[in-house]
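Below is one structure; the comments refer to it alone.
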Amino acid sequence: MMSIFHDMIEKTMEVFMNDFSVFGDSFSSCLTNLDKMLERCKETNLVLNWEKCHFMCREAIVLGHKISKYGIEVDRAKVDVIAKLPHLTTVKGVRSFLGHAGFYRRFIQDFSKIARPMTHLLEKETPLVFSKGFIDAFNTLKKKLTEAPILVVPDWNLPFELMCDASDYAIGAVLGQRKTKHFQPIHYASKTMTEAQIHYTRTKKEMLAVVYAFEKFRPYFV
Numbered sequence: 308m309m310s311i312f313h314d315m316i317e318k319t320m321e322v323f324m325n326d327f328s329v330f331g332d333s334f335s336s337c338l339t340n341l342d343k344m345l346e347r348c349k350e351t352n353l354v355l356n357w358e359k360c361h362f363m364c365r366e367a368i369v370l371g372h373k374i375s376k377y378g379i380e381v382d383r384a385k386v387d388v389i390a391k392l393p394h395l396t397t398v399k400g401v402r403s404f405l406g407h408a409g410f411y412r413r414f415i416q417d418f419s420k421i422a423r424p425m426t427h428l429l430e431k432e433t434p435l436v437f438s439k440g441f442i443d444a445f446n447t448l449k450k451k452l453t454e455a456p457i458l459v460v461p462d463w464n465l466p467f468e469l470m471c472d473a474s475d476y477a478i479g480a481v482l483g484q485r486k487t488k489h490f491q492p493i494h495y496a497s498k499t500m501t502e503a504q505i506h507y508t509r510t511k512k513e514m515l516a517v518v519y520a521f522e523k524f525r526p527y528f529v
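Numbering (this note's numbering), first residue to last: 308 to 529.
Dropping the structure here:
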């Protein structure tokens with residue numbers, strides 16, 4: 308697929324395995340780009356599944372995310388399924404929940420910090436005790452998912468803002484821009500500290516968060 312559309316990727320279309328989307332900044336340009344894509348399919352005998360084709364959409368679900376002119380959102384259908392999950396009773400259930408919730412971690416500020424009581428249960432030789440902290444983390448993550456913000460598309464003509472934070476056992480950052488004077492998030496990121504990092508001084512933890520943030524979002528600044 309990549310080789311077929313190699314000269315169009317990131318210019319007029321995006322490809323991910325068997326799925327691809329064609330885009331344009333106006334209706335006419337979208338039609339032109341669509342025509343080029345269909346012509347390429349004809350030239351290479353690439354057959355499309357008509358039932359899975361959607362044309363001239365103002366918004367669409369792409370790879371589990373809702374894409375529109377406003378930005379990127381979670382797929383509400385998937386989030387509703389996660390939000391309705393009952394209390395977890397097994398390690399397998401905890402791992403499954405964190406996997407599904409973690410898929411949308413870019414939408415949740417301090418995901419690693421919130422999830423720490425849950426991820427702790429996945430560590431070796433940890434007793435399976437569903438404490439109040441665990442239950443609070445479970446409910447908080449579900450609530451955060453249902454209230455997930457719209458992440459805006461980067462405007463390369465505006466400066467980026469990067470905010471960092473560190474807690475006792477996790478570090479986090481958010482990349483965003485100010486549009487109409489209000490800060491709008493582009494991506495939230497966080498990670499749990501290692502056992503050695505947990506014993507750092509407060510100042511060193513803050514610096515660790517800064518280093519993590521610049522490494523995570525380096526492509527936006529270089």
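Just so you know, even glycine gets a beta-carbon here, dropped at the ideal spot from N, CA and C.
| Is S335 helix, strand or coil by DSSP? | helix
| said: Does the CB of L345 have a neighbour CB from chain B at under 8 angstroms? | reply: Annotation note: the requested chain B is absent from the structure, which comprises a single protein chain.
| request: Can you give me the start and stop residues for the beta strand (DSSP E) that Q491 sits inside? | output: H489 to T499
| task | Take T433 and list the residues in its own chain whose beta-carbon comes closer than 7 angstroms to its own, dropping the five residues that flank it on each side. | result | H427
| message | Residues in the same chain with beta-carbon distance under 6 angstroms from V354, minus the five sequence neighbours each way, listed in chain order, please. | response | none
| task | Using three-state DSSP, classify E346 as helix, strand or coil. | result | Residue state, collapsed to three classes: helix.
| query | I389 lies in the alpha helix (DSSP H); which residues open and close that run? | reply | R383 to A390
| Opening and closing residue of the beta strand (DSSP E) in which K373 lies | H372 to S375
| field | Continuous beta strand (DSSP E) stretch holding L469: start and end | value | E468 to A473
| When the distance is taken between beta carbons, is L469 closer than 8 angstroms to A520? | yes
| said: Nearest by alpha-carbon distance to R402: which of V386, Q416 and R423 is it? | reply: R423
| field | Residue from I311, Y377, E317 and W357 with nearest C-alpha to I457 | value | Y377
| request: Classify Q416 as helix, strand or coil using the three-state DSSP reduction. | output: Here Q416 carries a coil assignment [DSSP, helix/strand/coil].
| query | What three-state label does DSSP hand E513 in the structure shown? | reply | helix
| task | On a CA-only basis, which of K451, T453, M425 and K431 is nearest G440? Give me that one, please. | result | Nearest of K451, T453, M425 and K431 to G440, Cα basis: M425.
| task | Give the straight-line distance between the Cα atoms of M514 and Y507, rounded to the nearest whole angstrom. | result | 10 angstroms
| query | Given a threshold of 16 other Cβ atoms within 10 Å of its Cβ, counted over all protein chains shown, does S336 qualify as buried or as exposed? | reply | exposed
| request: Can you tell me which of the three DSSP states K363 falls into? | output: Note on residue identity: the sequence assigns Met, not Lys, to residue 363. Note: M363 maps to coil in three-state DSSP.
| On the three-state DSSP scale, how would you describe S403? | helix
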